[in-house]
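In what follows, a structure is listed as structure tokens, so that the remarks can point back to it.
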Amino acid sequence: MFSLSLFAQKKDSLKTKLPIHDSIIKSKNTQLYKKLQEESGKSKFTNLLHNAIFQPVNPAYKNTTNKIIEQQLNRNFKDFQGKQIRNIIITSLDPFGYSEKDSTKVPQKKIDKIGNAIHYKTKRFTIKNLLLIKENESLDSLLILESERLLRRRNYIRRAFIKPQLVSENNELVDLYVYTLDSWSIVVDGDLSADKGKLRLREFNFMGLGHRVTLAYKRGFNDIIGTGYTIGYRAPNVYNTYINAEVSRDVDIDNTYKNTYKIDRNFYSPYARWAGKIGFVRRYDREDLYLSTNDTVIYEPVRRNEIDVWSGYAIPVAYKNDDTHLPTNLIFAARYAAQKFVEKPDKTIDSVSFFTNQNFFLGSVGIRYVNYIRDQYIFRNGDIEDVALGYSYFIHSGYQQNSTSGNYYVGVSASFNDYFSKFGYLAGTIEYGSYYSNGDPRQSLVRLQSTYFTPVFSIGNWHFRQFAKLNSIIGIARKNIILDRIDLNGENGIYGFDSPQVYGTRKFVFSFKTQSYIPFNWLGFRMSPYIDIDLGFIGSEPHPFFKNETYSRFGLGFLISNDFFVFENIKLSFFYIPKMPGYEGSVYRFKGSNDNPFNLENYNYQPPHIIKYK
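For the sequence shown, numbering that gives the first Met the number 0 gives the first residue as 0, with consecutive numbering after it.
Okay, here's the thing in structure tokens:
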């Protein structure tokens, strides 16, 4: 029902070159489409309809399109490699009406000029501080491409392009021209339901510095009376160190809150040698606890303080023989994390001491190789996106100390990511983690996760991809408390599923999606249709895995995106769930959210950690 045929692509070499996609599908009857094209040009409406569905039948147009795509995805720096960089000239462009590749293109529409006038353009020094290349150094094409990727990674920068140019009077010198095209960085969004609502304002590029400001107001409706708010500030790349500083306070309508203070530095690139974090969180929650004595769910206040400190160092251990591969790193890391409860349920409610003060001492060692390809039409509509390829193997180990006992912890993880020219992108992770007390494993788990998407294929002007995701987790010797159970709710289960009656110790969830990318927009807004399916199994021992209850969801909707704005894509979905305990009959729902179950963040580097059971 949801399958679509895949079309052949030009061959790529996976890591040394980048996938190039045919944007025109050959017609079996060219004359028929030529006639349709000619007839459609007789009125504005039929011409618009034709352009939305069909690609123009024009060999010259086809060659131009393929040439543009090839130039965007493949770059040749052979004539500039190793030459000394004389000057770095930075041009930062406002979001509307400009092009980073065509300096003659300027805003023509009045609305574009107004939008640019009230937009804070990214400062040149903000851009320069993100570059891995410096003046008076030798040009390295890998550092050029990595710098472009790091610029594109900033959500307030839509596109980045670095162009080397030989100095006419000295062919051993080059000037670098850096062009960036901003995104509109002010975003207003919110959530609305029958019992509460939230209005949020975020500025991702405050004063052109790349700093993020977050403000939000929350309010309860009907029987839920109360107000809440969020205020936060994040300053990235402090003093050109790639160190980020953040402070925030989030208060919900029931007066629960979370205060966060942290500074951190990630392994933002394979060239980064060190990373780390110092973080402190103070939070107040109300936990749902099940009392088996009278078969009721109660809400207990829980106050806790959390501290998290870690540091890691990367040592390059292997370089490829060519200049198109990034280094392979051996990474060592150590972490200390503590959780202290200021207020918690008493022992009559928490008989298994789930809420107990804890200290974690963790370390990890592993090998990580990552390279990047550039592609289009994955999570954005036409913009270049960087997709990580590579592998990693890590061992995590440490000691957990709580108020009643101590346990050793051992975890192992292996992951891979690769892009096959005719098959598509495939990523997978397998993890095992367990506490050990007197040699006996406790609260063990095995997790298998995989993400796949096809090469892009086209029908007329429309582009398509198909996505699939598998998430399986098996818990062994878990604690006998509902908080140590997993469910099918939320981002790790079935989208839109919400039943407190469905839980267990192991689950298997498969998700499938066909996403289109429409060729037209209105003020940069696009509504791209999609269809999707979720299947989930959940249960506990001793029942056989796939003989447990099966749940499913069938949906269709639109992915709302904007070519110029920072905000995450909005998913408007209408879906049907045949069976959901707690509800009579089938469930039909319409829901809007920013969730993206197919994102690739799970395959980034993670510091020493306890593998999450969710």
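Virtual Cβ for every residue (Gly too), placed ideally from N, Cα, C.
Since the model is a prediction, treat every value here as computed from it, not as a measurement.
For THR226, the enclosing beta strand (DSSP E) has its first and last residue at 226–234. Exclusion of the five residues before and after LYS590 leaves GLY495 and SER572 as the residues of its chain whose Cβ lies within less than 7 Å of its Cβ.
Beta-bridge pairing by DSSP links PRO300 to ARG285.
Taking PHE509 as the centre and dropping the five residues before and after it, the same chain places the C-beta of LEU469 and LEU534 closer than 6 Å to its C-beta, in chain order. No alpha helix (DSSP H) of 4 residues or more sits fully in the segment 488–559. Per DSSP, the unbroken beta strand (DSSP E) holding ALA413 starts and ends at 405–419. The DSSP assignment places complete alpha helix (DSSP H) segments of no fewer than 4 residues inside the segment 93–128 at 109–116 and 123–127, in order along the chain. Close CB contacts of ILE475 within its chain, under the 6 Å cut and outside five residues either way in sequence, are with SER443 (chain order). Cβ neighbours of LEU130 within its own chain (closer than 6 Å, five residues either side excluded): SER146. Counting along the chain, the unbroken beta strand (DSSP E) around GLU202 starts and ends at 195–205. Sequence-distant partners of PRO235 (beyond 5 residues in either direction) whose C-beta falls short of 6 Å from its own C-beta, in its chain, are GLY209 and ASN243. With the rule of 3 Cβ pairs closer than 8 Å, the segment 510–528 counts as touching the segment 552–559. Per DSSP, GLU147 is one residue of the alpha helix (DSSP H) stretching across 140–152.
The C-beta of TRP183 has 16 or more other C-beta atoms within 10 Å across all chains shown, which makes the residue buried. Judged by DSSP in its simplified three-state form, VAL565 adopts coil rather than helix or strand.
In the DSSP assignment, GLN442 falls within the beta strand (DSSP E) that extends over 439–452. The shortest CA-to-CA distance from ILE481 to any of PRO499, TYR97, ARG464 and LYS127 is the one to PRO499. In the structure shown, TYR435 falls within a strand segment according to DSSP collapsed to helix, strand and coil. Setting aside the 5 residues that flank it on each side, ALA387 is surrounded in the same chain by VAL369, ASN370, TYR371, ASN416, LEU599, TYR602 and ASN603, each with a C-beta closer than 8 Å to its C-beta; the list follows chain order.
Within a 10 Å sphere around the beta-carbon of ARG152 sit fewer than 16 other beta-carbons, which makes this residue exposed. Take the alpha-carbon of TYR335 and the one of TYR431: they are about 21 Å apart. DSSP places ILE475 inside the beta strand (DSSP E), whose first and last residues are 461–475. Under DSSP, ALA426 takes part in a beta bridge, and its partners are ASN416 and THR450.
Per DSSP, the unbroken beta strand (DSSP E) holding THR213 starts and ends at 210–219. Distance from the CA atom of TYR232 to the CA atom of ARG211, rounded to whole angstroms, is 6 Å.
Going by DSSP, SER402 is part of no beta strand (DSSP E) at all; its letter is neither H nor E.
Residue range 169–181 is occupied by the beta strand (DSSP E) that includes ASN170. Within the DSSP secondary-structure output, TYR270 pairs in no beta bridge.
Contact between VAL280 and LEU288 fails: their C-beta atoms lie close to 22 Å from each other, not under 8 Å. Between PRO454 and GLY423 a beta carbon distance of about 5 Å is seen, short of the 8 Å cut, so the two are scored as contacting.
Taking PRO518 as reference, the option from ASN304, ASN169, ASN460 and LEU198 with the minimal CA-CA separation is ASN460. With 16 or more other Cβ atoms inside 10 Å of its own Cβ, ALA332 counts as buried. In the three-state scheme derived from DSSP, where H, G and I count as helix and E and B as strand, LEU482 is classed as helix.
Annotated as proximal: ASP181 and ARG157, with beta-carbon spacing under 8 Å. Membership of GLU245 in the beta strand (DSSP E) is indicated by the continuous run 243–250. Contact check for TYR408 against TYR398 passes: the beta carbons are separated by less than 8 Å.
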